[in-house]
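Worksheet: one structure, shown below.
2 protein chains.
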Amino acid sequence: MSLLVQKYGGTSVGTVERIQAVAKRVAAERARGHDMVVVSAMSGETNRLLALARAVHPNAPPREVDVLLATGEQVTIALLSMALEELGCPARSYTGAQVHIRTDSVHGRARITAIDDGRVRQDLSSGRVVVIAGFQGVDEGGNITTLGRGGSDTTAVAMAAALRADECQIYTDVDGVYTTDPRVCPQARRLERITVEEMLELASLGAKVLQIRSVEFAGKYRVPLRVLSSFDDGPGTLITYEEPKMEQALISGIAFSRDEAKLTIKGVPDEPGVAYRIVGDVASANINVDMIIQNVGADKTTDFTFTVPRADYRQAREILEKTADALKAREVQGDERIAKISVVGVGMRSHAGIASTMFRVLGEEGINIQMISTSEIKISVIIEEKYLELAVRALHSAFGLDAEAAAAVPLA
Amino acid sequence: MSLLVQKYGGTSVGTVERIQAVAKRVAAERARGHDMVVVSAMSGETNRLLALARAVHPNAPPREVDVLLATGEQVTIALLSMALEELGCPARSYTGAQVHIRTDSVHGRARITAIDDGRVRQDLSSGRVVVIAGFQGVDEGGNITTLGRGGSDTTAVAMAAALRADECQIYTDVDGVYTTDPRVCPQARRLERITVEEMLELASLGAKVLQIRSVEFAGKYRVPLRVLSSFDDGPGTLITYEEPKMEQALISGIAFSRDEAKLTIKGVPDEPGVAYRIVGDVASANINVDMIIQNVGADKTTDFTFTVPRADYRQAREILEKTADALKAREVQGDERIAKISVVGVGMRSHAGIASTMFRVLGEEGINIQMISTSEIKISVIIEEKYLELAVRALHSAFGLDAEAAAAVPLA
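Those sequence lines, one after another, are chains A and B. Okay, so the first sequence: first residue is -18 according to this note's numbering, each after it adds one. Okay, so the second sequence: first residue is -18 according to this note's numbering, each after it adds one.
Here it is, written out as structure tokens:
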């Protein structure tokens, strides 16, 4: 007898028929002897509700938006519980407030601070399936809060942590985590396992399978987390906390993003405080600065390059022009047609040579590397956007990730 | 500075535009210096939600139906609070659970047992308008409950009682309580005031302005209750606890119902326990028996007549046929084409002659009275259905209720 927390959301609870299909799946697991907690997300009502709010108030108070949005999951949990009961599977629904999913008071993107598991445990021991509204909680003052995009994943992981569940299963519209995007690289392969750290790097780099906060949460509380498909059977991908075994690939995946733009300010006096001045001005406008490179020149000046989200490029460039005037810099250059590629793998920790393999492979394809940034388990490079697909496929093959590849990892 | 509790429901919060109109009305009262608590009902979502429930479970668990239905008011309170904020009027919404509208656990028709007014008072003293979801509460176990049809009226009255509000105003789609139904009697007149007892008699007799439970509640806690229109201005009707002044009419209104059918069992042995046997068999089938008359005959047998809701007539008749066989009664007769007319007024307590006036007026119109039943402030008669409108108009005029009537009340 084990305890599973399953999370279903979005399209998988979007119609009465799909809710019934989810109920069947849950009832089947229950019949196999598992204690079941189901976390349910909104069924596509968000847009309708937000349109109502906008019609009443162009900039509605976040507290009331949360009261409004929380009704979406409440409808889903009631219907899912009914569908389970109809299958002869005793079930009970709870809103976030009812199971005391306590959060801070930041409406619209609240963070879970505590969960009271008493009520859920009581139902489980009476043989009931417990159905919990994801995405929502309640603050200390009893106000309804919501957790922001993907918050239901976090609810599921937090619930699993509180209950010490044997596994937290996140049902999505993909069947697992892939070595890279199959649309770009047909050889992409579903990973059986991936570490939390790798998942975090992949998620932050654009692999949008799980909300990053839920993965952090899973890592912190060591919740075994599995991503799998609501529509197909299959084992999905297990997110683990162990180091990979010797025979595992050094690289788990290749992430990429087109959502970047590059700005360079040239001929800045090479003085203390200049870097802060440049980045600070941009950051003050709430623009996220990602990679930063500084090259010291021969003439007591320096060149300073950094990347920003492409959507913020125009604004960042305007700010930088002003900074350049103030610093009497030589010029400002910009480039929106870049892409970021990252290879991710905990194997890097113990194996040298990953970076040089990456640079060699890109060089062999005639792709120039514009910027480089590294972390303990990741190497990211900026290249010209038009080479993105070519680079992803070349690296995917070179690091032995291809579905059919039997090759050993080539260490430069 | 006084405290008003206003309740808006159904059609008056059915669209974004109507919610904005309600917000304007509330904000205007606030600007006049009144502390405001607004109780809001569902905006016509009930049917959509119930259809979803039925699609999932033909006979859904009442607990989950309540979870589902409670979302309707939650949407309304969020939107109404937003609309108030948009008008520059600080507002805050609360679900039934959030303001601890404690009920028993009878899902679908729960009764309010307690209200914690602390939170509301705090908001009021901070100058906020408090917007509360009607129709819903929470039981001791934290489960969401709903109060049944018209439950929002009860929420409003209970809230007004808990807060000792100066007035509880129920906004409806009629502009007050009338002396009788204007569709039947064009001379019908809006009453300025009516006592709780009269209102109870009128409500139970078919004047469906207010949920009867909310009137009982108002009577018990002496909440000044006013019925008025959400669409027109006007003072509405105040429901009071005082005896009418001398110059007021003895009769407040004339209620009627077509929703009745009559059954007679003839030639029953006149023995102790027979009445119980007859009524008991029908009542056991959950059929509501209203008026009961027993005539003792000369031959040691008795005739027994009673009324039931017309919808239950067939079933009641079948039961009665069986009872008649068992009791060896002579025959069973029935009549579905009857109507009940009642004159209601606390003035009856101190004035004799109301009944005889009623009988004389009906007699003058050639209307035969089939059954009579009286209470302290009401006289009801059963007549042939086709005479209903004629009888209502004749009595309305005779008791001085006509809009233009200057006449004194004719005491037979």
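Where is the CB? At the ideal position from N, CA and C, for every residue including glycine.
- At a C-beta separation below 8 Å, histidine 15/B has no neighbours in chain A, since its nearest C-beta there lies roughly 22 Å away.
- Per the C-alpha coordinates, the member of Ile364/A, Pro39/A, Val87/A and Gly(-10)/A positioned closest to valine 20/A is Gly(-10)/A.
- Looking only at Tyr257/B, Thr27/B and Leu68/B, the smallest Cα-Cα distance to glycine 53/B is reached by Thr27/B.
- For glutamine 275/B, the enclosing beta strand (DSSP E) stretches over residues 273 to 277.
- Contact note: glycine 347/A does not reach chain B at a C-beta cutoff of 9 Å; the least C-beta distance is about 57 Å.
- Here valine 165/A is not near alanine 184/A, since their CB atoms are 7 Å or more apart.
- In the DSSP assignment, serine 106/A falls outside any beta strand (DSSP E) and lies within the alpha helix (DSSP H) extending over 99 to 106.
- If you look at valine 46/A, you'll find it in the alpha helix (DSSP H) that goes 43 to 67.
- In this structure, the alpha-carbon of leucine 244/A lies about 53 Å from that of alanine 78/B.
- The shortest CA-to-CA distance from arginine 11/A to any of His332/A, Glu66/A and Leu371/A is the one to Glu66/A.
- Counting of Cβ neighbours within 10 angstroms places serine 356/B among the exposed residues, the total staying below 16.
- Cysteine 149/B is bridged by DSSP to Val(-14)/B and Leu206/B.
- Annotation: the continuous alpha helix (DSSP H) that includes lysine 303/A extends over 294 to 308.
- Leaving aside the five residues that flank glutamine 351/B on each side, the residues in its chain whose CB is nearer than 6 Å to its CB run, in chain order, Ile363.
- According to the DSSP assignment, lysine 5/B belongs to the alpha helix (DSSP H) that extends over -3 to 12.
- Here proline 42/A is buried. Its C-beta has 16 or more other C-beta atoms within 10 Å.
- When the alpha-carbon of aspartate 306/B is set against those of Met272/B, Ile273/B and Lys247/B, the nearest one is in Lys247/B.
- Around threonine 245/B, no beta-carbon contact reaches into chain A at under 7 Å, the shortest distance being about 45 Å.
- At a Cβ-Cβ threshold of 7 Å, leucine -15/B and methionine 23/B do not count as neighbours.
- For alanine 114/B, the closest of Ser133/B, Val101/B, Asp120/B and Ile125/B by C-alpha to C-alpha distance is Ser133/B.
- Taken in chain order, the members of the segment -11 to 3 of chain A whose beta-carbon sits within less than 8 Å of a beta-carbon on chain B are Val(-3), Ile0 and Gln1.
- Following the DSSP letters along the chain, one finds arginine 73/B inside the beta strand (DSSP E) bounded by residues 72 to 75.
- With a 10 Å radius around the Cβ and a threshold of 16 neighbouring Cβ atoms, threonine 94/B comes out exposed.
- Between methionine 329/B and the set Gln296/B, Ser233/B, Leu301/B and Ala9/B, the nearest pair of CA atoms involves Ser233/B.
- Of all alpha-carbon atoms in Gly261/A, Thr160/A and Gln314/A, the one lying nearest the alpha-carbon of glycine 326/A is that of Thr160/A.
- Considering only beta carbons, the part of the segment 74 to 88 of chain B lying closer than 8 Å to chain A consists of Ser74, Thr76, Ala78 and Gln79, in chain order.
- Every unbroken stretch of the beta strand (DSSP E) spanning 3 or more residues and falling wholly within the segment 124 to 177 of chain B is given here in chain order: 125 to 127, 148 to 153 and 174 to 176.
- Isoleucine 274/A places its beta carbon 7 Å or farther from that of aspartate 293/A.
- Scanning chain A for C-beta atoms nearer than 7 Å to the C-beta of methionine 63/B yields Ala34, Val37, His38, Ala41, Pro42 and Glu45, reported in chain order.
- At a cut-off of 7 Å between beta carbons, threonine 52/A contacts chain B.
- Between leucine 219/B and arginine 203/B, the C-beta gap is not smaller than 7 Å, which leaves the two residues out of contact.
- Secondary structure of glycine 118/B (DSSP, three-state): strand.
- Chain B places no beta carbon closer than 7 Å to that of alanine 9/A, leaving this residue out of the contacts.
- The DSSP-derived three-state label of glutamate 357/B is coil.
- The alpha-carbon of alanine 236/B is positioned some 51 Å away from that of glutamate 121/A.
- For a cut-off of 8 Å, the C-beta gap from aspartate 85/B to aspartate 156/B is around 34 Å, too long to register as a contact.
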